[in-house]
Structures are given as structure tokens and as C-alpha cells.
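Student: Here our numbering is used: the first residue of the sequence shown is -12, the next is one more, and so on. Even for Gly, the Cβ is constructed at its ideal location relative to N, Cα and C.
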Amino acid sequence: MVTGQPALSFAGLLRQLRTEAKLTQEELAAAAGVSPRSVSNLERGINRTAHKDTAVLLAGALGLTGPAADLFVAAARGNVPAAQVLAAAKSAGPRPGAVAVAGSPYRGLAVFGEQDAGWFFGREAAAAAVLDRMSALLAGAGLLVVSGASGAGKSSLLRAGVLPRIRAGGLAAAPAAAWWPCVVFTPTRAPLDELALRVAPLAGADAAAVRRGLAADPGGFALTARQAARAGPPGPAGKSDGRPARLDERRPGRLLLVVDQFEELFTQCDQDGQRRAFIAALHAAATAGHGPDKAPAALVVLGVRADFEARCADYPQLAGPVQDRYLVTAMTGRQLRMAITEPAKKAGSAVDDDLTGLLLAEVRNGQPGTFGAGVLPLLSHALDQSWRSRTGQAVTLADYERAGGIDGAVAASAQRAYERLTPGQQAAARQVFTRLTATSAEGVDTADRATRAELAEGKSPAEVRDVEAVLEAFAAERLLTLAAGTVELSHEALLTAWPLLRDSWLADTHADRIVRSRLRTTAAEWARQSRDSSYLYSGSLLQAATDTAARIGANPARHPPLGQTERDFLHVSSGAHRRTVRRRQAVIAGLLALTLTALTAAGIAARNAATAARNAASASHQHAIALSRQLAAESLNIDGTQPVTAR
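1) Would you be able to state if there are at least three C-beta pairs under 8 Å between the region 387 to 395 and the region 458 to 475?
2) Compute the Euclidean distance between the alpha carbons of residue 619 and residue 598, then round it to the nearest angstrom.
3) Count the other CB atoms within 10 Å of the CB of residue 191; is the residue buried (16 or more) or exposed (fewer)?
4) Taking the C-alpha atoms as reference points, what is the distance between residue 425 and residue 73?
5) Helix, strand or coil for residue 83? Go by DSSP, reduced to three states.
6) Quick check on this structure: which residue in 399, 146, 209 has the alpha carbon closest to the alpha carbon of residue 187?
7) May I ask which residues mark the beginning and end of the beta strand (DSSP E) holding residue 109?
8) What residues match up with residue 134 in a beta bridge as DSSP calls it?
9) Using a Cβ-Cβ cutoff of less than 8 Å, which residues in the same chain neighbour residue 122 once the five nearest sequence positions on both sides are dropped?
10) Please name the residue in 482, 497, 508, 36 whose C-alpha comes closest to that of residue -2.
11) Per DSSP, which one or two residues make a beta bridge with residue 208?
12) For residue 406, report the span of its alpha helix (DSSP H) as first-last.
13) So within the region 495 to 547, which uninterrupted alpha helix (DSSP H) runs reach at least 4 residues, ignoring any that extend past its ends?
14) Consult DSSP for residue 146 and reduce its assignment to one of helix, strand or coil.
15) Just mark residue 90 as buried or exposed, buried being the case when its beta carbon has 16 or more other beta carbons within 10 Å.
16) Which residue from 327, 97, 339 puts its Cα closest to that of residue 350?
17) Taking the C-alpha atoms as reference points, what is the distance between residue 39 and residue 64?
18) Given a cut-off of 9 Å on the beta-carbon distance, is the pair residue 184 and residue 249 in contact?
19) Quick check on the burial criterion: 16 or more other C-beta atoms within 10 angstroms. Buried or exposed for residue 7?
20) Can you tell me whether residue 141 is buried or exposed? The criterion is at least 16 other CB atoms within 10 Å of its CB, across all chains shown.
21) Taking a contact to mean a Cβ-Cβ separation below 9 Å, would you say residue 148 touches residue 110 in this structure?
22) Output needed for residue 107: all residues of its chain with C-beta closer than 8 Å, excluding positions within five of it in sequence on either side, in chain order.
23) Go through the region 433 to 504 residue by residue and report every complete run of the beta strand (DSSP E) that reaches 3 residues or more, in order.
24) Which stretch, first to last residue, makes up the alpha helix (DSSP H) that contains residue 299?
25) What are the boundary residues of the beta strand (DSSP E) that includes residue 328?
26) Which residues share a DSSP beta bridge with residue 172?
27) If you count every other CB in all the chains shown that lies within 10 Å of the CB of residue 270, and 16 or more means buried, which is it?
28) Applying the criterion that 16 or more other CB atoms from any shown protein chain within 10 Å of the CB defines a buried residue, is residue 478 buried or exposed?
29) What is the DSSP secondary structure of residue 343, counted as helix, strand or coil?
30) Do residue 374 and residue 336 come within 9 Å of each other at the CB atom, strictly closer than that value?
31) Look at the alpha carbon of residue 635 and the alpha carbon of residue 559, and state the distance between them as a whole number of angstroms.
32) Could you tell me which residues DSSP puts in a beta bridge with residue 425?
33) For residue 580, which three-state DSSP category applies?
34) Would you say residue 48 and residue 15 are within 9 Å of each other, going by their C-beta atoms?
35) Does residue 409 pass the burial test, meaning 16 or more other C-beta atoms within 10 Å, or should it be called exposed?
36) Could you check whether residue 135 and residue 254 sit closer than 9 Å to each other, using their CB atoms as the reference points?
This is the structure in C-alpha cells:
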């Protein structure tokens, strides 16, 4: 009897199909819109089955179509053998290549990255203009502000429009910029930490040492940036990858620093000292000359929301760059048409003309030929959902209406993901989205990010599984972006487009989120500063934070729990406040005791003085009586012996 080969598991099937598609786990996850951990857990057999929606996304990303895709989804649910999927895939012939691997040629709410440059259309003129501005800055101080309304596409322009062009051909004034080391990051709640972590490896330095240097002497960061600039990779020996050769090895390059979503410096970091040090460090790197030619160490580009320009201009180092900023304006009709039709065309499909015309009409802001600057994420999401729901080769008006249109696609996607969850998972969803919303001291809501560890903190294993289910469900709709250990909203347009989030979850907790946001940032800084007591709350701040913490504890369904650092901070603040109150009460009691003692002593002294006065008066009176009697007696004597004198 011949023993057959072990049955192919779904883990083995997924691994084989991914290998045949020449994708890494990370690339497959990005193409499908799921987390890399999900792909890894499925391939390792940790998760033996996949949610139906996740399986559908994976099938599309792997290029499976027709019966093969249906069988793949069934195999992911454990309903058919994995070998049957392979047989169907082979009978279907060669699978589509990289074009179909993306699943959808539209990014939805997600930001375009460098890897998406081939799908980025409509911003060619803006990318060229930014490159010209960057090239012009090489003659002097190199700090450029790129500004625009929320949703105008600043991040995508920088990541998918500008950087790939630099990689391909450098800058007009510096072709060798193609080789410059590049760092792209967002400030987060701890901008100095983030800057140190990003640049230190390039400079061959210890991140902790760089972080200490940033706090002590922000201007000294120029030297670190110069060291990082020298880390540019040498050209490949014996062959060309299409980038220009280094024309002048004696001329030092620069570090290319792109700080995206610069407004996080104000929405997530409430320590003005950190803000000032961060800005001073970037300014020094972009202006302070080091080396033989005294050239700045870095070319710095800041992507910032237009409504934060005034906040930036409050800092002297940014006032000039803000005044000279490049403004990302709304797309023209021709540019929008390209953004709508070209991705589908590249994917071997098309968008019907009647749908294209309707889309252009819907995003028009009321003035002929002008369009809303912040409409791009909603438009892209509507197209993404229309693509996924299409019934034929082309994307039609019926597909678009089925997806919910521009106004309804985001809300429909979010509500669809929410309604697929269990009641426990729905409660977790409320906590997740509340945590992923940052609220400034002024009450402005913006998208935030959190680590998976933060979202799981204080939860039971079952509750952690609920959180993971929420992340997967909303990532499958491309409403959440899952990176290496972090989670964030794909775009802050979700904050206003989904009624349940906007009108219920956020509206009900608005005041508490303002207090909590301040508490989280202050507690984190307190922990970083070795629990420096100068950061502790007292008085009305402590009372407001304590009241908010009590409401959070009493309503776990409405609020994510406080983190351990926040709880420790409040505990220590309350203890310090109680000790201060006790000391104050002791001082007051001491002062009262001294006052009473003084008053008692004064009373006794006054009483003694009065007694002494009475005694003196009595003695004087007695003396007067005695004297009077003496005089009377003497008068009688005189009267008898000297009658004339007596009268």
C-alpha cells in the first residue's frame, strides 16, 4: 500500500499561491488591505480559517478569479480541500500579474505610498512644481512647506508623486539627489523621539544619545543630519538601475527629511518645549552649514494642513517658509478625469463615460470648473467600492450607485463592517475608534494612531480577540491602516462621513476626550522625564482629570480604558495633591495655634496690665486718702497752735 502525500492545508495553499505571485507577506497584506500579522498567522496555521471578507480580499490580491476565487474563499472557511483550489487555479490558466494583484487600482481612503506611484494620476504638474521648489532651495536654506486643505492629497503627492521622481532622476540642481538618504515620518505625540529613531540609524549613532542631544541642544542636530547624509548608498557596481550616477563624489549630499502631517505637532504633542526643540532641530539641519562648502545638512519638506499654517508661523524659524509655502490646490477637471479613469485603464478595465461625468458633477463645488479641495479621499473610496462591486469588466453607474455614491460609500463601508461584528466586537469598535481620534485642547478632532498593545491594554484575552476582529473588519474595508504594530484611521474624512462615529460616539464623549488627550500627552511626557513631579496635576486640572477617569471607569462601553501610565500619573498626582493639602492644613493649623497662643498671651498681658493699673489706681487712691487724712490732722494741729496760719 502506497501512502499518499499529506493533504495540503489552507496555510500551505496560501503560501504556495503567494510564492507563485512573487509577493512577500507584507506585499500581499498591503495589496489586500489586511494586516501582515493576519497573513503570517494564516500561513503559520495559527489561524486555521479566515473571515470571508478577508478571504475575498486575499483572493483578489492573489489574482484569483471566477471558480478559483470562490473555491479559495470556501477553503479559507474550511469547506473545501485546498488541493481543489490549486486544480481550479491551474485550469484557469496563468493568473494576472501585478496589475490584478492590487485587487483594486484605487486606494480608497488610504494614502498613496512610493510603491503606488504607478497608480497615482492627476498630480503630475503639482509634483513637478514641488520638485522645482526643492531644487531652488539647494542654493541656500532648504526648508519647504507644502500646505493644503485636509483631503487635498498632500501626503500622496509627496510620497507617490515627488519622492519616486527624485529616486528616478534626482533634482534639476542636483541629479545625484537620487542617491540621497531619505527619511519620511510623522511627528506623533513624541516628535523628538520619532526624529531620533528615524535618523540615528543612518548616522550610525545611538538613538537614545541623539534624543538627549535634541533636548539639550536642538541646533546640534545639524551635525547628526550631516552624518546621516553621508549614508547615501553607492551606485551599483557594473550596472545601472536607471538612476543617475554620482556626478561629483567630492560634493557632499544632503539628508532628505520629509515630515508628513506636520500638524500632529499641535494636535498630538501638547509640550511646547518639545515643539520648539523639534522645529529648531529641523531648521538647524536645513540652514546651518557644515563641511567644506558650508552647505546645509538636510533638505527638509513639511507637509501641513492649511488650517495649521498660522500655528506654524508663530515660530520664527517657520514664518518665512510658511509665507513662501507651496499650496496644493484643488484638481482641475482634466486632472480629476485622469485620477478617475487612468487607474482603471491601467488595470485593463475602464470607467464608463456617464459615470465619469456624474462624478465630475458631484465633486464640483458650485462654481463652474472648480472642485472641492478635500474631496479626493471620498472620491477615491467611492471608486474603490464601485470597482469591488462591479458586475462586468468596466465600472458602471449601477456599480457606483450600489456602492453608495461619494457621500454614502464611506458611511456604507463603515456601517457594513460594523454590522458584521458581534455585540462584544461592536462595543470594542466604539473603544477603538474613540481611541483613534485625537482631540486638541481647542476641541478639534483629528485622526490619531495607536499601537496594538495600547488597544489591548487592560483587556482579557477574549476582549483582545474582539479588538483584533474589529481591526481586521475595518481594514478589509480600507477604513483602518494596519502597519507594523500600529493602527490608524486611513483618513480623517471618516470622522465626519460616518454618522454613527460622528453623531454618537464622538459627540457623546467630546468634553472627556479633550481632557483625556491632554492627560495622555502629559502622562507620557512625565514618564519620559523620569516622573518629574513638576508635570503632576493639581487643583482644577486634577479635578477635571479625576472626574473624566471616573466616567471612563463607569462607562467602559463608551470609553477605552485608561492606560497604565495615565493611571499611574493620576495616582501619583492625587497622592502629591493629598500631601500638599495635608501640609497646607498643618501649616494653617500651626498658624492658628500660634495665633491663638499669641491672642491668649495678649489677653493675659492685657488682663495683667489692667489689674496692675487697677492696683496702681487703688494704691494711688489709698495714698491720696492717707495724705488727705494726714493733711487734715496737721491742719487741726496748726489750728490749735497757730490760728492765723490755719485760717
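Tutor: On the basis of the coordinates in this document:
1) No, they do not touch.
2) 31 Å
3) Counting Cβ neighbours within 10 Å, residue 191 comes out exposed, since fewer than 16 surround it.
4) So the two alpha carbons sit approximately 46 Å from each other.
5) In this prediction, residue 83 has a pLDDT of 43, which is less than 50 and means its spatial position is unreliable; nothing more can be read from the coordinates.
6) Closest by alpha carbon: 209.
7) Element bounds for residue 109: n/a, residue is neither H nor E.
8) The partner list for residue 134 (beta bridge, DSSP) reads 291, 314.
9) 158, 159, 160, 161
10) 36
11) Answer by DSSP bridge pairing: none, since residue 208 is not bridged.
12) 392 to 406
13) 497 to 515, 526 to 541
14) Residue 146: helix per DSSP, three-state reduction.
15) buried
16) Across the set 327, 97, 339, the C-alpha of 327 shows the shortest separation from the C-alpha of residue 350.
17) 7 Å
18) no
19) exposed
20) buried
21) yes
22) 99, 143, 147, 148
23) 436 to 438, 467 to 469, 473 to 476
24) From DSSP, the alpha helix (DSSP H) with residue 299 extends over 296 to 300.
25) Here residue 328 belongs to no beta strand (DSSP E); instead the alpha helix (DSSP H) covers 320 to 333.
26) 246
27) buried
28) When all chains shown are included, residue 478 counts as buried.
29) Of the three classes helix, strand and coil, the one that applies to residue 343 here is helix, per DSSP.
30) It is a contact, given that the beta carbons lie within the stated cut-off.
31) Residue 635 lies beyond the residue range present for the chain, which begins at -12 and ends at 634; the question has no answer from this structure.
32) 433
33) In the three-state DSSP reduction, residue 580 falls in the helix class (H, G or I).
34) yes
35) exposed
36) no
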